[in-house]
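Worksheet: the structure to be examined is printed underneath.
Residue numbers (this note's numbering): 1011 to 1182.
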C-alpha cells in the first residue's frame, strides 16, 4: 500500500512543480513586456540622440515656465545610444517643475501673493503634463509626491518644497 501511495505522489508533485515553474516563466515574461512598454525599449519607441534633442527644442518652446526663467542647456550626447520615447520632453518638464516650485518658494518668502497664486495654479497644472499624467511615463508615486507638495503650499509650509528642490533640482 505504501508503494502505491508513493507512486501516486510523485506524478502529483511533478505536475504541481511544472505548473509553478510555468507560472513563474509567464510572470517574468509578462513583467519584461510591461517594463519594455513602459520604459520605451521596444524598437518603435526608441529614439536617437538627434530625435531627442529635437524633442527637447520643441518642449522648451511649449512648456510653460515662470516669467524670466531660462532653461539651462539641455541635450543628450550624440552617440550610438538609444533613448526612450519622451526622454527629451521629460528633461524639459522636470526642469520646469523645479522652476515653478522654486519661483513659488521665492514668492512665498517675499510675501508676493499674486505670484504665489499664479505659481500655485501652475503647480496644479503640472499634474496634467504628459510625462507626469501618463501612467506609462510616471507612476502614482510621482503624482502623489507633487500633490503632497501642492498640499504643503496650500498650508503655507515651504519646507517640503524646499527639501524636494534640494534633492531633485539643480536650478536655483
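By construction, the Cβ of each residue, glycine as well, lies at the ideal position given by its N, Cα and C atoms. All values reported here derive from a predicted model rather than from experimental measurement.
Subject >> Segment contact flag, the region 1104-1113 with the region 1087-1094, C-beta cutoff 8 Å, min 3 pairs >> reply: Contact between the region 1104-1113 and the region 1087-1094 is not established, with fewer than three Cβ pairs separated by less than 8 Å.
**OP:** Work out the CA separation of residue 1126 and residue 1186 for me, nearest whole Å.
**Re:** Because the chain spans 1011 through 1182 in this model, residue 1186 falls outside it and cannot be assessed.
**OP:** Classify residue 1114 as helix, strand or coil using the three-state DSSP reduction.
**Re:** As a working note, residue 1114 is residue 104 in the chain shown. Helix.
**OP:** Could you pull out every residue in the same chain whose Cβ sits closer than 8 Å to the Cβ of residue 1044, ignoring the five residues on either side in sequence?
**Re:** Sequence index remark: in the chain shown, residue 1044 carries index 34 (1-based). Residue placement at residue 1044 is flagged as unreliable, the pLDDT there being 49, under the threshold of 50; the coordinate-derived value follows with that caveat. The same chain holds no residue with a CB closer than 8 Å to that of residue 1044 once the five nearest residues on each side in sequence are set aside.
Original post:
Which residue comes first and which comes last in the alpha helix (DSSP H) that contains residue 1170?
Top reply: Against the chain shown, residue 1170 aligns to sequence position 160. Membership of residue 1170 in the alpha helix (DSSP H) is indicated by the continuous run 1169-1178.
Subject >> Reduced DSSP category for residue 1055 - H, G, I as helix; E, B as strand; rest coil >> reply: Here residue 1055 refers to the residue found at position 45 of the chain shown. In the three-state reduction of the DSSP assignment, residue 1055 falls in the helix class, which pools H, G and I.
**OP:** Just the C-alpha distance for residue 1156 and residue 1078, rounded to the nearest angstrom, thanks.
**Re:** The residue labelled residue 1156 in the question sits at position 146 within the chain shown. The residue labelled residue 1078 in the question sits at position 68 within the chain shown. Residue 1156 and residue 1078 have their alpha carbons spaced roughly 23 Å apart.
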